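In this note's numbering, the protein residues as written are 1 to 140. Every residue gets a Cβ at the ideal spot worked out from N, C-alpha and C, and that includes glycine. Since we're looking at a predicted model, the values are computed, not measured. As structure tokens, the structure follows; a few thoughts come after it.
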């Protein structure tokens, strides 16, 4: 920013870096600002990449903060097709409890869509046995 450099790629990378830092520092204000920006821009790549990082960082975030993160996502973006992108990215990045929490919330948020309930149940079938066996750090 000090150098005045700006183009689409730099701006995108700066956005994602800001989101990641906000997630790790539990900075709800900055996260909300970034998610408002995502909603305003309505850009597929920006929304996809932001949702992915919400899932990818889940293993680094405590449950209470992660619940707040998903609430902010709901309030600011709430883009239906990306709820399970967040959930699956959490699952793939060794955060099955967070993945199931997001999936459960998505199914409740869109209870009129049977595919959301089906996807949640599918994730439960895959992830709950590992959690019960005490291997919460790995996905089968």
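Under 9 Å between C-beta atoms of residue i and residue j
| i | j | result |
| --- | --- | --- |
| residue 96 | residue 127 | yes |
| residue 103 | residue 84 | yes |
| residue 56 | residue 89 | yes |
| residue 74 | residue 105 | yes |
| residue 125 | residue 86 | no |
Residues near residue i in its chain [Cβ-Cβ closer than 8 Å; skip 5 each side]
| i | result |
| --- | --- |
| residue 31 | 19, 22, 23, 69 and 72 |
| residue 34 | 15, 18, 19, 22 and 50 |
Contact set for residue i: own chain, Cβ-Cβ below 7 Å, skip 5 residues either direction
| i | result |
| --- | --- |
| residue 38 | 46, 47, 50 and 77 |
| residue 28 | 68 and 72 |
| residue 12 | 46 |
Exposure label - residue i; buried when at least 16 CB within 10 Å
| i | result |
| --- | --- |
| residue 98 | buried |
| residue 108 | exposed |
| residue 54 | buried |
| residue 14 | exposed |
| residue 2 | exposed |
| residue 58 | buried |
| residue 122 | exposed |
| residue 40 | exposed |
| residue 91 | buried |
| residue 132 | exposed |
| residue 82 | buried |
Same chain only: Cβ atoms within 6 Å of residue i, ignoring 5 sequence neighbours per side
| i | result |
| --- | --- |
| residue 36 | 76 |
Residue-chain proximity (residue i, chain D), Cβ-Cβ < 9 Å
| i | result |
| --- | --- |
| residue 128 | Any reference to chain D falls outside this structure, which holds one protein chain only. |
Check your understanding: Which runs of the alpha helix (DSSP H), 4 residues or longer, sit entirely within the region 2-32?
Key -> 8-24
Exercise for review: Ignoring anything shorter than 4 residues or poking outside the region 48-76, list the alpha helix (DSSP H) runs there in chain order.
Suggested key: Along the length of the region 48-76, whole alpha helix (DSSP H) runs at least 4 residues long occupy 63-76, reported in chain order.
Review point. What runs of the alpha helix (DSSP H), each 4 residues or longer, lie entirely inside the region 84-117?
Key: Fully enclosed alpha helix (DSSP H) runs of 4 or longer: 96-109.
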